[in-house]
Amino acid sequence: HTPAAPADSLLERRSATLGPHAMLFYTSPLHVVSGNGVWLRDVDGEDYLDAYNNVPHVGHCHPRVVDAVHTQLGRLNIHTRYLNERIVDYAESLLATFEPGLDRVFFTNSGSESNELALRIARQHTGNTGLIVSDFSYHGNTIALAELTTGLTVKEPLGRHVRAVRVPDLAGPLTEAARADELDKALAEVEKAIASLTATGHGVSAALFDPLFSTEGLPWVPREYIQGVARLVRAAGGLVIADEVQSGFGRVGSSMWGYQMYDVTPDLVTLGKPMGNGHPVGAVITTAPLSDEFGANNLYFNTFAGNPVSAAAATAVLDIIEDEQLLANARAVGEYVRGLLQTLVDRHDFLVGVRGRGLFFGLEVGTSPTDPRPDLAKEIVERMRTKKVLISKVGRDDSVLKMRPPLVFSTAHADLLVERLTECLGEIGG
Ligand code: PMP
Numbered sequence: 343h344t345p346a347a348p349a350d351s352l353l354e355r356r357s358a359t360l361g362p363h364a365m366l367f368y369t370s371p372l373h374v375v376s377g378n379g380v381w382l383r384d385v386d387g388e389d390y391l392d393a394y395n396n397v398p399h400v401g402h403c404h405p406r407v408v409d410a411v412h413t414q415l416g417r418l419n420i421h422t423r424y425l426n427e428r429i430v431d432y433a434e435s436l437l438a439t440f441e442p443g444l445d446r447v448f449f450t451n452s453g454s455e456s457n458e459l460a461l462r463i464a465r466q467h468t469g470n471t472g473l474i475v476s477d478f479s480y481h482g483n484t485i486a487l488a489e490l491t492t493g494l495t496v497k498e499p500l501g502r503h504v505r506a507v508r509v510p511d512l513a514g515p516l517t518e519a520a521r522a523d524e525l526d527k528a529l530a531e532v533e534k535a536i537a538s539l540t541a542t543g544h545g546v547s548a549a550l551f552d553p554l555f556s557t558e559g560l561p562w563v564p565r566e567y568i569q570g571v572a573r574l575v576r577a578a579g580g581l582v583i584a585d586e587v588q589s590g591f592g593r594v595g596s597s598m599w600g601y602q603m604y605d606v607t608p609d610l611v612t613l614g615k616p617m618g619n620g621h622p623v624g625a626v627i628t629t630a631p632l633s634d635e636f637g638a639n640n641l642y643f644n645t646f647a648g649n650p651v652s653a654a655a656a657t658a659v660l661d662i663i664e665d666e667q668l669l670a671n672a673r674a675v676g677e678y679v680r681g682l683l684q685t686l687v688d689r690h691d692f693l694v695g696v697r698g699r700g701l702f703f704g705l706e707v708g709t710s711p712t713d714p715r716p717d718l719a720k721e722i723v724e725r726m727r728t729k730k731v732l733i734s735k736v737g738r739d740d741s742v743l744k745m746r747p748p749l750v751f752s753t754a755h756a757d758l759l760v761e762r763l764t765e766c767l768g769e770i771g772g
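Just so it is clear: in the sequence shown, position 174 is 516 by the UniProt record's numbering, and no numbers are missing.
Structure below.
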């Protein structure tokens with residue numbers, strides 16, 4: 343066996359080791375070396391406005407997070423089977439951000455682990471296996487989650503116990519009657535899914551949804567729909583799981599948790615991505631009865647989850663959200679940027695509308711709501727990279743420009759983003 347000749351570029355070495363399929367953004371990949379706030383610096387010392395990354399929630403390399411991790415790492419890092427204040431302090435602070443009743447937490451290391459555990463709790467509690475998810479969604483990379491994935495390519499077929507329903511998108515200028523009709527149709531689909539799960543012996547264990555429907559392309563889902571789903575699923579004996587991996591920690595601006603936009607209190611809430619500002623930490627929040635029931639029947643152990651360093655990172659994130667008033671910032675800057683984006687929609691025939699909430703916003707690219715233009719969306723993302731602004735695209739047709747910057751994004755950053763977008767759209771024409 344002759345070892346492969348050493349590749350000379352980083353790109354070749356990456357491909358040789360991580361494999362040619364390992365995802366990489368851009369035709370000309372960006373080689374990043376450092377980050378600061380909403381800025382990323384590349385290997386040539388060029389700065390890029392980061393309007394894409396939501397994991398560095400309070401900004402890249404926030405000094406308070408760096409310091410908290412560094413200090414704790416120098417003192418103690420260990421699993422959770424000994425008494426240590428760090429994790430308990432954090433659990434108290436985190437749970438204080440939820441409604442009474444949601445008063446227990448299990449720690450994990452990722453969004454996938456959180457969803458996997460939430461599904462397990464729901465299955466055991468209900469004695470059912472059936473699941474309702476939104477069509478074209480993504481919730482993680484385990485086998486159980488691959489079996490309910492329709493928003494990404496996976497080889498696992500949709501589980502026989504899974505029904506993927508299409509959520510209503512009431513973004514357009516619809517009459518009241520048309521709205522009511524869409525809502526009725528969408529809820530009828532949920533009723534049908536429940537009937538089918540019941541008839542096939544799966545029953546309903548849970549409905550799992552991302553309150554922003556981010557992979558789905560940020561449709562405008564009315565609160566009556568989520569309330570209706572919760573009512574129907576609970577009537578069938580199932581639980582409600584809100585996946586806050588994308589929508590949590592103030593991202594939506596109007597509330598700390600995305601599900602609060604709908605005035606529905608879930609039985610289980612799953613957390614990940616922004617929780618540790620890049621340090622891998624996640625959680626499942628639930629009620630004391632569900633937590634106790636699961637705890638009585640399972641010895642759940644997770645080596646790295648909730649270790650003191652994770653707790654230190656996550657504590658710093660919560661403190662910063664509060665001290666820097668990032669929820670209010672997400673609301674104000676989100677509204678500001680959507681106003682600016684609307685002026686672009688008004689000017690260009692190939693933009694359909696503005697999407698999203700808080701600091702997760704999008705622009706739908708297409709010549710009409712039924713004629714998406716993924717080619718143009720791709721071109722805009724690539725052009726923005728040459729103008730040193732990072733955005734992406736998402737959705738069923740890959741035609742919604744996706745922007746979800748760190749929450750320290752200011753109106754000045756928004757101006758810069760829109761200025762560059764304006765240039766791009768002008769270059770493309772129309
Ligand atoms: N849920 C949602 C809504 C997600 O967007 C993701 C990741 N994109 C996950 C869960 C999975 O999280 P992780 O990659 O941390 O496992």
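Here a beta-carbon is modelled for each residue, glycine too, at the ideal position from N, C-alpha and C.
Relative to the ligand PMP, is the shortest distance from any of its heavy atoms to the C-beta of residue i smaller than 7 Å?
i, result
"Asn644", "no"
"Val587", "yes"
"Thr491", "no"
"Thr557", "yes"
"Gly620", "no"
"Gly482", "yes"
"Ser452", "yes"
"Lys735", "no"
"Asn457", "yes"
"Lys615", "yes"
"Asp552", "yes"
From residue i to residue j, what does the alpha carbon distance come to, in whole angstroms?
i, j, result
"Val750", "Tyr678", "14 Å"
"Ala577", "Val707", "39 Å"
"Val623", "Thr517", "44 Å"
"Val374", "Leu668", "26 Å"
"Leu693", "Gly559", "14 Å"
"Val582", "Leu461", "10 Å"
"Gly415", "Tyr642", "Before going further, note that residue 415 is Leu rather than Gly in the sequence given. Cα to Cα, the separation comes out at about 25 Å."
"Ala364", "Phe702", "26 Å"
"Gly493", "Asp477", "7 Å"
"Arg356", "Met598", "38 Å"
"Ile420", "Asp605", "38 Å"
"Phe591", "Gly387", "31 Å"
"Thr468", "Gly579", "7 Å"
"Thr629", "Phe448", "11 Å"
"Ala541", "Val731", "51 Å"
"Asp739", "Gly482", "20 Å"
"Ser589", "Ile770", "32 Å"
"His621", "Leu613", "13 Å"
"Ala754", "Met726", "17 Å"
"Ala654", "Ala647", "12 Å"
"His544", "Thr764", "51 Å"
"Gly600", "Ala638", "30 Å"
"Ile463", "Thr450", "14 Å"
"Asp389", "Val380", "10 Å"
"Thr369", "Ala719", "14 Å"
"Arg565", "Ala658", "32 Å"
So if DSSP puts residue i in a beta bridge, which residue, or which two residues, is it bridged to?
i, result
"Thr612", "Asp585, Val626"
"Ile474", "Arg505, Ala549"
"Val659", "Note: Val659 sits in no beta bridge, so no partner."
"Leu743", "Leu705, Lys735"
"His402", "Gly379"
"Val374", "Asp384"
"Asn619", "His621"
"Leu391", "Trp381, Val731"
Is the CB of residue i under 8 Å away from at least one CB in chain C?
i, result
"Leu574", "Here chain C cannot be found, since the structure has a single protein chain."
Residue ranges of each beta strand (DSSP E) run of no fewer than 3 residues wholly in the stretch 482-548, ordered along the chain? Every beta strand (DSSP E) of 3 residues or more that sits fully in the stretch 482-548 is shown, in chain order, as 504-507.
Please go through the stretch 683-722 and give each complete beta strand (DSSP E) segment of 3 or more residues, from N-terminal end onward. 693-699, 702-710
To test your reading of the DSSP string, which unbroken alpha helix (DSSP H) runs of 4 or more residues are found completely within the stretch 427-456? Correct list: 427-437.
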